[in-house]
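Residue numbers (my numbering), protein chains in the order written: chain L, 1 to 114; chain A, 115 to 228.
Ideal Cβ positions, reconstructed from N, Cα and C, are used throughout, including at glycine.
Everything numeric in this text was worked out from a predicted model, so none of it was measured.
Below: the structure, in structure tokens.
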């Protein structure tokens, strides 16, 4: 059973637009949600993360909006640049930290057109 | 940033053979992980390892799998014997419980079982 789901599978935006990537989860015990960015041939790298006690987290041009009641969250990438073209994974874990197992979504491939 | 290295980047072996995947974690990290990603699917947790012991493993971590980190050297995943369904990209990650608990991922080893 897929515990973390992402949509869309692929997203194309123009340079300068805001890209919105969606994520939902099944397990109410999940309380830590990192987003990873992955470029071809590389491993995933942590972009930004949020804990369930917060409903919003900002870091540079990246913002997570979190809705605990609906069990979903979204990643907003403001002023998208071609260098942001990558695959983005939403993940979730219990215990309030990243030390335990991470449950990953299938990823959203973002393409930013100059 | 901190780097996790994985050796080799690609391994091709015949079904039934043994294979060892090597991970060089971030220096001074104490938590180690293996994840498996089949082409087109999400990354799935296999096992985590701390203080010389397996802390948690998933159903994907079959009896043919084993992990160890002898004398602080490589963190290894051994599969013996291999099966066709073991073909995937295997990602290693490491983490510490101080200064942030992010899991740092390696670039992956692509395993092809023929």
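Locate the beta strand (DSSP E) running through residue i, then write down its first and last residues.
i, result
"residue 170 of chain A", "167-171"
"residue 76 of chain L", "72-77"
"residue 101 of chain L", "Premise fails: residue 101 of chain L is in no beta strand (DSSP E) and is neither H nor E."
"residue 143 of chain A", "Looking at the DSSP string, residue 143 of chain A is not in any beta strand (DSSP E), and its letter there is neither H nor E."
"residue 158 of chain A", "158-164"
"residue 89 of chain L", "86-92"
"residue 119 of chain A", "119-121"
"residue 7 of chain L", "4-7"
"residue 126 of chain A", "124-127"
"residue 109 of chain L", "108-113"
Does the beta carbon of residue i sit closer than 7 Å to a beta carbon anywhere in chain L?
i, result
"residue 201 of chain A", "no"
"residue 122 of chain A", "no"
"residue 204 of chain A", "no"
"residue 178 of chain A", "no"
"residue 222 of chain A", "yes"
Can you tell which of the options has its C-alpha closest to the C-alpha of residue i?
i, options, result
"residue 46 of chain L", "L:86, L:70, L:80", "L:86"
"residue 60 of chain L", "L:54, L:80, L:42", "L:80"
"residue 220 of chain A", "A:227, A:195, A:226, A:189", "A:189"
"residue 31 of chain L", "L:78, L:67, L:9", "L:67"
"residue 201 of chain A", "A:115, A:126, A:121", "A:126"
"residue 114 of chain L", "L:8, L:10, L:17, L:5", "L:17"
"residue 228 of chain A", "A:187, A:138, A:176, A:133", "A:133"
"residue 178 of chain A", "A:123, A:159, A:131", "A:131"
"residue 94 of chain L", "L:26, L:12, L:10", "L:26"
"residue 129 of chain A", "A:171, A:173, A:198", "A:198"
"residue 72 of chain L", "L:58, L:82, L:83, L:90", "L:90"
"residue 50 of chain L", "L:112, L:98, L:4", "L:98"
"residue 205 of chain A", "A:164, A:222, A:161", "A:222"
Please confirm whether residue i has its beta-carbon closer than 7 Å to some beta-carbon of chain A.
i, result
"residue 16 of chain L", "no"
"residue 70 of chain L", "no"
"residue 101 of chain L", "yes"
"residue 42 of chain L", "yes"
"residue 104 of chain L", "yes"
"residue 98 of chain L", "yes"
"residue 47 of chain L", "no"
Sort out for me which residues DSSP pairs residue i with in a bridge.
i, result
"residue 66 of chain L", "L:73"
"residue 58 of chain L", "L:63"
"residue 192 of chain A", "A:134, A:180"
"residue 207 of chain A", "A:147, A:219"
"residue 53 of chain L", "Bridge partners of residue 53 of chain L: none, in fact."
"residue 225 of chain A", "A:125, A:202"
Open item on the list: Restricting to runs no shorter than 4 residues, where is the alpha helix (DSSP H) found entirely within the stretch 9-48 of chain L?
Closed with: none
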